[in-house]
Amino acid sequence: MTRLIFLGPPGAGKGTQAKALADHWQIPHISTGDILRQALKEQTPLGIKAQSYMDKGELVPDHLVQAMVEERLKQPDTEPGWILDGFPRTVQQASFLEGLLQKLEQRGERVVNLDVPDDIVVGRLLERGRKDDNEDVIRRRLEVYRSETAPLIDYYSSKQQLLIVNGNQSLEEVTIELTKAIA
Ligand code: AMP
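See below:
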């Protein structure tokens with residue numbers, strides 16, 4: 008049973024690694040960013056509400072993302088495990104998740120922090136060129152990461168749940184280190 012939470016700044020390679028491991032273990036890769044982008048594309052009520060936040064590099068309000076994650080984790084395909092990518096992003100979300108996993112009897116989760124220096128992250132995001140990746144938005148997303156999400160490193164490390172992996176290596180090297188850390 009693998010239940011894994013990926014932390015790390017935007018551009019750390021969370022999505023790529025999470026996807027590779029989820030394929031390998033045949034468990035769902037749950038990316039809140041992907042779910043929100045899909046909702047936005049389909050202009051669902053959630054997508055319409057989330058759009059202005061995403062366009063500015065701000066976080067979508069906790070209650071919206073939390074409801075979305077709750078719905079997703081209740082699906083039967085999560086039974087053999089899951090990888091969460093991009094959630095939680097605030098201490099409030101982390102504490103919600105803990106209660107939710109308790110309620111769904113899905114505890115035993117581990118948390119990986121993909122550690123990558125700031126300058127490397129900015130370079131990677133600029134190269135990626137997604138719609139929400141222009142320079143102002145990137146700067147804002149990093150600010151939001153530092154103030155809202157980075158505190159989760161201490162939060163999980165004080166609970167002895169945190170594994171730290173050096174994300175500043177080749178894709179293959181990161182996958183190898185991750186696989187070892189999780190084994
Ligand atoms: P990502 O693909 O994970 O970088 O997410 C893209 C955007 O979706 C973020 O900049 C946020 O606006 C929004 N988002 C994704 N996950 C969350 C979350 N857990 N909490 C709030 N907003 C989120």
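Taking my numbering, I'd label the letters of the sequence shown as residues 8 to 190. Backbone N, C-alpha and C define an ideal beta-carbon position, used for all residues, glycine too.
query: Could you round the C-beta distance between PHE13 and LYS26 to whole angstroms and report it? I think they count as a contact, below 8 Å.; result: With 8 Å as the limit, PHE13 and LYS26 do not qualify as a contact, their Cβ atoms being about 10 Å apart.
query: Give every residue of the same chain whose Cβ lies closer than 8 Å to the Cβ of ARG135, excluding the five residues on either side of it in the sequence, and list them in chain order.; result: GLY18
query: When you compare the region 119-137 with the region 171-184, are there three or more beta-carbon pairs, one atom per stretch, that lie closer than 8 Å?; result: yes
query: Quick check: does the Cβ of PHE103 come within less than 6 Å of any heavy atom belonging to ligand 1?; result: no
query: Does the beta-carbon of MET249, which I'm using as the reference point, lie nearer than 6 Å to any heavy atom of ligand 1?; result: Because the chain in this structure spans residues 8 to 190, residue 249 falls outside the shown range and cannot be described.
query: By the 10 Å Cβ neighbour count, where 16 or more other Cβ atoms means buried, how is ARG178 classified, buried or exposed?; result: Checking the displayed sequence, the identity of residue 178 turns out to be Leu instead of Arg. Answer is exposed; the Cβ neighbour count stays below 16.
query: Strictly by DSSP, which residues pair up with ARG117?; result: LEU11
query: If you measure from the CB of LEU121, is any heavy atom of ligand 1 nearer than 6 Å?; result: no
query: Start and end of the beta strand (DSSP E) containing GLY88?; result: 88-92
query: Let me know the secondary structure DSSP gives VAL67 once reduced to three states.; result: coil
query: Can you round the beta-carbon distance between GLY54 and ALA46 to whole angstroms, since I take them to be within the 8 Å contact cut?; result: 3 Å
query: Under three-state DSSP, which class holds ASP125?; result: helix
query: Span of the alpha helix (DSSP H) holding THR102?; result: With the sequence shown as reference, residue 102 is identified as Ser, and Thr is not the correct amino acid for it. That run of the alpha helix (DSSP H) goes 98-110.
query: Compute every distance between the C-beta of PRO17 and the non-hydrogen atoms of ligand 1, then say whether any falls below 6 Å.; result: yes
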